[in-house]
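Enquirer: Dropping a structure here in structure tokens format, bear with me for questions.
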Amino acid sequence: MATVDNLPREHAPSRLWPVQPAPQRFSVSGQPGGTQYIALDNSARYTPFVQFVESVDTARSVALYRRLYPLFQQAYEELGYPGRYFNDRLVVVIDHLLQTPEPAGPIAVQLTEVRGEVASLRPWVRYEYADPALQSLSSGQKLLVRMGPVNERRLKAKLREWRGQVAAGGRMEAAKP
């Protein structure tokens with residue numbers, strides 16, 4: 026619930042992700058100190074996840090979702106949304122992700138150091154998009170862009186398929202008290 030709810034927000038804490046982070050480290054190309062870009066082979070880190078998502082039968086997963094929906098609804102209300110429907114939020118989030126831009130060409134990034142309270146021999150670093158429009162995207166949209174254009178299009182296709190079946194069913198039944 027929390028992951029779905031956080032995807033259209035600026036930050037989605039990794040501790041709430043339902044999947045493990047992609048293997049290997051984020052890779053860039055270009056010269057340190059100069060313009061750097063997301064490396065072309067970086068998208069390969071996400072391909073196994075995309076293949077897994079594509080392997081899930083949409084009709085069966087939607088049927089399971091409908092069967093478990095009362096539990097999803099109860100958990101959503103416990104997150105602080107009484108009287109609101111999780112399915113409505115899910116459709117809004119899917120629509121939001123489907124609006125993710127598909128940048129053409131290499132994507133420039135810039136290194137940002139993140140220092141904690143305790144000194145480190147190798148401070149944690151992260152890359153941000155150099156383009157302010159990309160950097161201002163939600164956490165879910167940034168992730169789709171970071172996966173590379175091919176993986177982004179493949180996931181969007183699955184999201185469209187899933188949304189079509191979830192939204193077609195009308196209002197889901199709320200959790201029983």
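Just so you know, the working numbering puts 98 at position 73 of the sequence shown, and the rest follows in order with no gaps. Glycine included, every Cβ here is placed at the ideal spot set by N, Cα and C.
Provide the residue(s) that pair with R114 in DSSP beta bridges, ordered along the chain.
Expert: Working through the sequence shown from its first residue, we reach residue 114 at position 89. In the DSSP output, where bridge partners are listed per residue, R114 has none listed.
Enquirer: For T137, which residues does DSSP report across the bridge?
Expert: Against the sequence shown, residue 137 aligns to sequence position 112. DSSP, once it has assigned bridges, lists R151 as partnering T137.
Enquirer: Could you check if P57 is buried or exposed, using at least 16 other CB atoms within 10 Å of its CB as the buried criterion?
Expert: As a first step, residue 57 must be located in the sequence shown, where it is residue number 32. P57 should be labelled exposed.
Enquirer: What's the gap between the Cα of K18 and the Cα of V78?
Expert: The chain is shown from 26 up to 202; residue 18 falls before or after that span and cannot be answered.
Enquirer: What does a CB cutoff of less than 6 Å around T125 pick up in its chain, not counting 5 residues either side in sequence?
Expert: Taking the first residue of the sequence shown as position 1, residue 125 is located at position 100. Correct list, in chain order: Q166 and L169.
Enquirer: For Q61, collect the residues of the same chain with a Cβ closer than 6 Å to its Cβ; drop the 5 residues on either side in sequence, then sort them by chain order.
Expert: Taking the sequence shown and counting its residues from 1, the one referred to as residue 61 is at position 36. Closer than 6 Å at the Cβ level, and outside the excluded window around Q61, lie V53, G55 and V134.
Enquirer: Do you know offhand how far Y154's Cα is from L136's?
Expert: On the sequence shown, position 129 is the one that residue 154 refers to. On the sequence shown, position 111 is the one that residue 136 refers to. Looking at the two C-alpha atoms, the distance is approximately 9 Å.
Enquirer: May I ask you to report which of helix, strand or coil DSSP gives Y62?
Expert: As a first step, residue 62 is located in the sequence shown; it is residue number 37 there, counting from the start. Of the three classes helix, strand and coil, the one that applies to Y62 here is strand, per DSSP.
Enquirer: If we count the other Cβ atoms within 10 Å of its Cβ and call it buried at 16 or more, is Q98 buried or exposed?
Expert: Here residue 98 refers to the residue found at position 73 of the sequence shown. Result: buried.
Enquirer: Cutting at 7 Å between CB atoms, please list the residues of its own chain near P174, excluding the five before and the five after it.
Expert: For the purposes of this step, residue 174 is taken as the residue at position 149 of the sequence shown. Answer for P174: E127, listed in chain order.
Enquirer: Pull up the DSSP beta-bridge partners for G55, would you.
Expert: Within the sequence shown, residue 55 is the residue found at index 30, counting from 1. Answer is Q61.
Enquirer: Could you give the residue range of the alpha helix (DSSP H) that holds N176?
Expert: Taking the sequence shown and counting its residues from 1, one reaches residue 176 at position 151. Unbroken alpha helix (DSSP H) run through N176: P174 to A193.
Enquirer: On the DSSP letters alone, give me the boundaries of the alpha helix (DSSP H) that G165 sits inside.
Expert: Here residue 165 is taken as the residue at index 140 of the sequence shown, counted from 1. First-last of the alpha helix (DSSP H) with G165: S164 to R171.
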